[in-house]
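To start, the structure itself, in structure tokens.
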Amino acid sequence: MESKDFDLSLEQQFEMKRMRDAAQKMSREQALELLMQASRLLMIKTNVVRNLANSSSVKSLG
């Protein structure tokens, strides 16, 4: 993978700015809850990608 593969698109950069601005207006508790939800979603995404990769590699073997 190249380093540019890790760069955010313009749309993603804009969304990050929106999230930063919104987080600054939140209470600490709200920001922590948002962080926990985002962390959970990232873990779910990792599981989905892993399961898709495993199932596609199993199918290619069969």
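The numbering of the sequence shown is my numbering, which starts it at 138 and goes up by one.
Don't be surprised by glycine CBs; every beta carbon is placed ideally from N, CA and C.
Nothing here was measured: the structure is a model prediction, and the numbers come from that model.
| query | result |
| --- | --- |
| Could you check where the alpha helix (DSSP H) with L147 kicks off and where it finishes? | 147–161 |
| M153 and L145: beta carbons closer than 8 Å? | yes |
| Would you mind stating whether M163 and L171 have Cβ atoms separated by less than 8 Å? | yes |
| Expressed to the nearest angstrom, what Euclidean distance is found between the alpha-carbon atoms of A168 and Q174? | 10 Å |
| Pick helix, strand or coil for M138, following the three-state DSSP scheme. | coil |
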